[in-house]
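For what it's worth, full-length UniProt numbering labels the leading residue of the sequence shown as 1, then goes sequentially. From the three backbone atoms N, C-alpha and C, an ideal C-beta is built for every residue, glycine too. All values reported here derive from a predicted model rather than from experimental measurement. Structure first, then comments.
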Amino acid sequence: MAGVGPCGTFGGVDPLGYGGPVIRRLLQARAGANRGGEISELEPDVLEELDSLGRATGIEVDDAQDARADQAIDAIHTPFDPEKIDVVTRNTTVDLLLSRIRTGRVDLQPDFQRQAGIWRAMAKSRLIESLLLRIPLPTFYAAEGDDEAWAMVDGIQRLTTIAQFIEPEAINREPLRLVNLEYLGQEYDGKTFDDLPGRLQTRLRETELIVHLIRRNTPEEVKFNIFARINTGGLPLSRQELRHALIPGKGREILREWAESDVFRSATGDSVRSERMVDREMILRFIAFRLTSPYDYDHDDFDRFLREAMRNLNALPPSEVERLWKEFGIAMIAAKGIFEQHAFRKRDRAGGSRRMPINKALFEAISVNLAELGGPGMALLMTQRRKVEKKFIGLMNDVDFQGAISQGTGDPGKVRLRFALIRKIFESVVGR
Numbered sequence: 001m002a003g004v005g006p007c008g009t010f011g012g013v014d015p016l017g018y019g020g021p022v023i024r025r026l027l028q029a030r031a032g033a034n035r036g037g038e039i040s041e042l043e044p045d046v047l048e049e050l051d052s053l054g055r056a057t058g059i060e061v062d063d064a065q066d067a068r069a070d071q072a073i074d075a076i077h078t079p080f081d082p083e084k085i086d087v088v089t090r091n092t093t094v095d096l097l098l099s100r101i102r103t104g105r106v107d108l109q110p111d112f113q114r115q116a117g118i119w120r121a122m123a124k125s126r127l128i129e130s131l132l133l134r135i136p137l138p139t140f141y142a143a144e145g146d147d148e149a150w151a152m153v154d155g156i157q158r159l160t161t162i163a164q165f166i167e168p169e170a171i172n173r174e175p176l177r178l179v180n181l182e183y184l185g186q187e188y189d190g191k192t193f194d195d196l197p198g199r200l201q202t203r204l205r206e207t208e209l210i211v212h213l214i215r216r217n218t219p220e221e222v223k224f225n226i227f228a229r230i231n232t233g234g235l236p237l238s239r240q241e242l243r244h245a246l247i248p249g250k251g252r253e254i255l256r257e258w259a260e261s262d263v264f265r266s267a268t269g270d271s272v273r274s275e276r277m278v279d280r281e282m283i284l285r286f287i288a289f290r291l292t293s294p295y296d297y298d299h300d301d302f303d304r305f306l307r308e309a310m311r312n313l314n315a316l317p318p319s320e321v322e323r324l325w326k327e328f329g330i331a332m333i334a335a336k337g338i339f340e341q342h343a344f345r346k347r348d349r350a351g352g353s354r355r356m357p358i359n360k361a362l363f364e365a366i367s368v369n370l371a372e373l374g375g376p377g378m379a380l381l382m383t384q385r386r387k388v389e390k391k392f393i394g395l396m397n398d399v400d401f402q403g404a405i406s407q408g409t410g411d412p413g414k415v416r417l418r419f420a421l422i423r424k425i426f427e428s429v430v431g432r
């Protein structure tokens, strides 16, 4: 992917091939736009998603797909043969799992760790101490791929910690040194695996672990549903975390790169916490609706729609990925220039300056419509940003539009409505 340079440019290169004048118009329009008022507190009736530490993620709660533990068990929308549900229990050892890691037969997804929830050295050390004391660990859950490799879904941090202590080279980590042990500290604080007596090294390697494995012939929708049911301890995985775990491929890296890009972070005010992959889901939604027109969207399961998009992203040729990236990048520049600090957010119906959390449904509708409009149209919208703002604030008083971006946002009718109304605003300003 091309590097992202200052001010949202792509290493100084025109991302869409329009030539220097269009990019200059985009950036000049952005630089010349008047800034809005001061940002005040969020409206009390707008709820934000939380991360694993209970902090606001900067994203408004969206019910297109349930991600909370008490709502994670979705109805199964398509018929399936119960006989095809194949879940087996594997009694294995630490040594055998490490062998699988070395040979690439266990996918630990190194970027899957929740940034704010990565275990500290003491927590890792206490886990190793539990193994040394022969305290059984909770079971692990994995999904079997077509090549019989395992994608770990529950227990990634535990298994990563074990690997970092015993065979750190297998996961490209520095060796773990034990600290603040509760019972064995006097003897083993400060020790690495190689410092342990041989009998304890053997004890660790021969520790038995239990893995519940969902076999590859289990229908995909049922597989996701099973993981939603078992994934209720602590903070459940988000839907995007499940997609990331169960749909391997180049799409993982593409979503990560785009989420870390300057253009995305600038357009969102650098306010989206990446810990639960909510930023990657937003980008996946953009890609999904660029691959499938919102007016052709007819799914009764939005989560399945995004799973299909992730698989389609994995299969895209590099030229198509590059085209989408350029569209995405210039749409982010334009959104920032048009809406400034309010990009992808609801507006106070009275036109006030308080800033809301980012709304995923608005992110889809605005970014995709901008991408469809193209560079010259986006530049014109920037020069007419006050007119766009006035029309958008007026739209916030439309009850149907409010519903289309607030409740049941995965409903096909609501998807088409919000895209059509945002498109109408843009076209009315550019004169189409």
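Mind reading off the beta-carbon distance from Ile101 to Ile210? Whole number of angstroms is fine, and I expect it under 8 Å.
Not quite, the Cβ-Cβ distance comes to about 17 Å (not below 8 Å), so this is no contact.
Quick one: give me the first and last residue of the beta strand (DSSP E) that Phe214 is part of.
Looking at the sequence provided, one finds Ile at residue 214 rather than Phe. Unbroken beta strand (DSSP E) run through Ile214: Glu208 to Ile214.
Please check the pair Asp189 and Leu204, which I expect to be a contact at CB under 8 Å, by giving their CB distance rounded to whole angstroms.
That belief does not hold up - the Cβ atoms of Asp189 and Leu204 are roughly 17 Å apart, past 8 Å.
Using C-beta distances below 6 Å, list every residue in its chain close to Arg349, excluding the 5 sequence neighbours before and after it, in chain order.
Met396 and Asn397
Boundaries (first-last residue) of the beta strand (DSSP E) holding Ser91
Strictly speaking, residue 91 in this sequence is Asn, with Ser absent from that position. Where Asn91 is concerned, the enclosing beta strand (DSSP E) stretches over Val87 to Thr93.
How would you write the range of the alpha helix (DSSP H) that Ala309 sits in, first residue to last?
Phe302 to Ala315
If you drop the 5 nearest sequence neighbours on each side, which residues of the same chain put their C-beta closer than 7 Å to that of Leu97?
Val106, Leu159 and Leu209
So, for Ala267: in the same chain, excluding its five sequence neighbours on each side, which residues have a beta-carbon less than 6 Å away from its beta-carbon?
Apart from sequence neighbours up to five positions away, the residues of its chain that approach Ala267 with a beta-carbon distance below 6 Å are Met332, Ala335, Lys336 and Ala343, ordered along the chain.
Residues in its own chain within less than 6 Å of residue 473 by CB, not counting five upstream and five downstream?
The chain is shown from 1 up to 432; residue 473 falls before or after that span and cannot be answered.
Given a threshold of 16 other Cβ atoms within 10 Å of its Cβ, counted over all protein chains shown, does Val263 qualify as buried or as exposed?
By the neighbour-count criterion, in which 16 or more other beta carbons inside 10 Å mark a residue as buried, Val263 falls on the buried side.
Proximity winner among Ser238, Arg304, Ile156 and Ile422, relative to Leu370 (alpha-carbon distances):
Ile422
Straight-line gap, Pro376 to Ile330 (C-alpha atoms, nearest Å):
11 Å
With a threshold of 8 Å between beta-carbons, can Thr89 be considered close to chain B, or not?
Among the chains of the structure shown, chain B does not appear; only one protein chain is present.
Nearest by alpha-carbon distance to Glu427: which of Asp147, Leu381 and Asp303 is it?
Leu381
Count the other CB atoms within 10 Å of the CB of Val94; is the residue buried (16 or more) or exposed (fewer)?
Answer is buried; the Cβ neighbour count reaches 16.
Just to confirm, is the Cβ distance from Leu291 to Asn314 under 8 Å?
no
Using three-state DSSP, classify Asp147 as helix, strand or coil.
coil
If I'm right that Phe286 touches Phe328 with Cβ under 8 Å, what's the distance once you round it to whole angstroms?
6 Å
With a cut-off of 8 Å on the beta carbons, I'd call Leu181 and Ser261 a contact; round off their distance for me.
No, Leu181 and Ser261 are not in contact; Cβ-Cβ is about 42 Å, not under 8 Å.
Looking at Ile166 and Phe140, is the spacing between their C-beta atoms short of 8 Å?
no
Coil, strand or helix - Thr202 by DSSP:
helix
So for Met282, helix, strand or coil by DSSP?
If DSSP states are grouped into helix, strand and coil, Met282 belongs with the helices.
Since Ala56 is in the beta strand (DSSP E), which residue starts that stretch and which ends it?
Ala56 to Glu60
Is the Cβ-Cβ distance between Ala288 and Ala309 less than 8 Å?
Between Ala288 and Ala309, the gap from beta carbon to beta carbon is short of 8 Å.
Kindly list the residues whose CB is nearer than 8 Å to the CB of Val429, restricted to its own chain and excluding five residues on each side of it in sequence; keep chain order.
Leu380, Leu381, Gln384, Lys387, Val388 and Lys391
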